[in-house]
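Read the structure below first, then the notes.
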Amino acid sequence: MKHALVIGGGFGGMAAAMRLSAKNYQVTLVDRAPMLGGRGQVFIKNGYKHDAGPTVITAPFLLEELFALFNEKLEDHIKLVPLTPWYRFYFADKTSFNYGGTLDET
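Counting in the working numbering, the sequence shown runs from 1 upward without gaps.
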């Protein structure tokens with residue numbers, strides 16, 4: 001069996017490890033953080049939840065493709081919930097800006 005080492009447990013590293021595993025590689029995935037997810041994690045600071053990076057999935061077909069490698073369906077394991085808006089930005093002057101998936105929602 002071929003071996004592969006994947007460095008980085010973010011979305012890209014996990015996807016690479018899954019693809020290699022589907023090709024019958026024995027995969028070792030390492031990351032410096034105690035949890036996988038990379039910037040796709042949430043952290044709490046001063047009692048507030050913060051996204052560490054991109055947590056909105058704008059291309060669910062990429063996840064469906066990964067699950068299909070193992071003859072699985074994404075919807076059997078994960079429920080994706082549409083958000084409107086995707087983000088709401090708040091500014092120091094008390095104004096806000098909604099960012100959505102389409103121009104009409106932004």
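Each residue gets a CB set at the ideal place from its N, CA and C atoms; glycine is no exception.
message: Quick check: what's the CA-CA separation for Gly101 versus His50?
response: 20 Å
query: Are the beta-carbon atoms of Asp31 and Gly53 separated by less than 7 Å?
result: no
query: For Lys2, which residues of its own chain have a beta-carbon under 6 Å away from its beta-carbon, when the five flanking residues on both sides are left out?
result: Tyr25
Touching by the beta-carbon criterion (3+ pairs, under 8 Å), the stretch 87-97 and the stretch 35-42: no
- prompt: For the ligand GTP, is there a heavy atom less than 6 Å away from the beta-carbon of Lys49?
  reply: In the structure on display, the ligand GTP does not appear, and there are no ligands present to speak of.
Range covered by the alpha helix (DSSP H) that runs through Phe97: Here Phe97 belongs to no alpha helix (DSSP H); instead the beta strand (DSSP E) covers 96-99.
query: What is the residue span of the beta strand (DSSP E) that Leu5 lies within?
result: For Leu5, the uninterrupted beta strand (DSSP E) run begins and ends at 3-7, by DSSP.
Residue nearest to Lys33 in terms of C-alpha spacing, selected from Ser21, Asn46, Gly13: For clarity, residue 33 is Ala in the given sequence; the question names Lys instead. Ala33 has its Cα closest to that of Gly13, out of Ser21, Asn46, Gly13.
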